[in-house]
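A.B. asks: Below is a structure I'd like to ask you about.
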Amino acid sequence: MDFTEILVDSWDYIKCGIIANSTRWMQLIVAVLFLGIPFNGYLLRVYRGITPAPEVDGWGTLFIDGLKVLVITIIYILPLLLILILVLGLMILASPGGNIGDPGIAGGFFESLFTLLYYLMEFVIAAILPVAYIRFARTGLFFEAFNFGAILETIGRIGWLNYVVAVVFIALLIGVPLTMVLFLFLFILFFALVLFNSNIVVVVGILAFLALLALIIIPLVSVFQARYLTRVYNFSGE
């Protein structure tokens, strides 16, 4: 698996399909504004391997597909929510007098155990979800997103090591710079609050700028990631 070639292809995909097409870029920003629902529908078109970047049209279809993606995502993260609820409940039951602030030995053990389980589940879901989305996109069948046998078979054809490395790599490639930028702007916001004595106009102005910047960046980053994952998926031969 040539990661350099995949990255170059993904960059060319957004450069020619979005950056060089201001109309499409604006349409994707609008799609993000609608709670990201039609934008998720657009990403399904990218997952289908359409080249060059598909048009932003058929908004009704984009909304419906985006809602399906939302439902798939909610179903996948339900186990994480259940674990969190279970941890909270066990901490309360194990605490002397039901005081959650003093979990005791048993509460601490269960908290550690289920925290470990939570992070393990989070990793598994993060690894499976991209393939689930792409299977749904290409088959058009909602329940194919939960065909775990086929999903694991697809990952096996890609190669487990290649796939895990690819997913972790793109997460770091996107996550680290974005985190650094976020902390930079939080620092700027804090500095502005101190410098301008918490002037509400300054605060609103900075927050508005951050929101605008996010709207501009989200289509680029998300489509880049979707194209990258699509190329990785294609190594399965499907």
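Position one of the sequence shown corresponds to residue -15 (the working numbering), numbered consecutively onward.
Even glycine gets a Cβ: it sits at the ideal position worked out from N, Cα and C.
Let me check understanding here. Comparing Cα to Cα, which of Phe47, Ala150, Val205 lies closest to Thr(-12)?
C.D. replies: Thr(-12) has its Cα closest to that of Ala150, out of Phe47, Ala150, Val205.
A.B. asks: Classify Val(-8) as buried or exposed, calling it buried when 16 or more other Cβ atoms lie within 10 Å of its own Cβ.
C.D. replies: The residue in question, Val(-8), is exposed, as its Cβ has fewer than 16 Cβ neighbours within 10 Å.
A.B. asks: Within the chosen definition, does the region 52 to 69 reach the region 97 to 113 through at least 3 CB pairs nearer than 8 Å?
C.D. replies: The answer is yes - the region 97 to 113 touches the region 52 to 69, with three or more Cβ pairs under 8 Å.
A.B. asks: Between Leu74 and Tyr102, which are expected to be in contact by the criterion C-beta below 8 Å, what is the C-beta distance as a whole number of angstroms?
C.D. replies: About 13 Å separates the two Cβ atoms, so there is no contact after all.
A.B. asks: Counting C-beta neighbours from all protein chains within 10 Å, is the total for Gly44 16 or more, i.e. buried, or is it exposed?
C.D. replies: By the neighbour-count rule (16 or more Cβ atoms within 10 Å), Gly44 is not buried but exposed.
A.B. asks: Can you list, in chain order, the residues of its chain with a C-beta nearer than 7 Å to that of Phe153? Leave out the 5 residues immediately preceding and following it.
C.D. replies: Cβ neighbours of Phe153 beyond the five flanking positions: Phe(-13).
A.B. asks: Locate the alpha helix (DSSP H) running through Arg29, then write down its first and last residues.
C.D. replies: Looking at the DSSP string, the run of the alpha helix (DSSP H) that includes Arg29 is 21 to 31.
A.B. asks: Mapping the DSSP letters down to three states, classify Val40 as helix, strand or coil.
C.D. replies: Val40 falls in the coil class under three-state DSSP.
A.B. asks: Pick out whichever of Arg215, Asp41, Gly25, Ile184 has its Cα sitting closest to the Cα of Ile48.
C.D. replies: Checking every option, the nearest Cα to that of Ile48 belongs to Gly25.
A.B. asks: Just checking my contact of Leu54 with Ile21 at CB under 8 Å: how many whole Å lie between their CB atoms?
C.D. replies: Confirmed, Cβ separation roughly 7 Å.
A.B. asks: So, helix, strand or coil for Leu74, using DSSP?
C.D. replies: In the structure shown, Leu74 sits in a helix (DSSP, three-state: H, G or I).
A.B. asks: Anyone know if the C-beta pair for Ala129 and Ile190 falls short of 7 Å?
C.D. replies: Contact: no.
A.B. asks: Between Leu204 and Val186, what straight-line distance do the alpha-carbon atoms span, to the nearest angstrom?
C.D. replies: The alpha-carbon atoms of Leu204 and Val186 are separated by roughly 28 Å.
A.B. asks: Could you tell me the boundaries of the alpha helix (DSSP H) in which Phe174 lies?
C.D. replies: Note, Phe174: alpha helix (DSSP H), 144 to 179.
A.B. asks: Starting from Ile200 and walking both ways along the alpha helix (DSSP H), at which residues does that stretch end?
C.D. replies: Where Ile200 is concerned, the enclosing alpha helix (DSSP H) stretches over 184 to 218.
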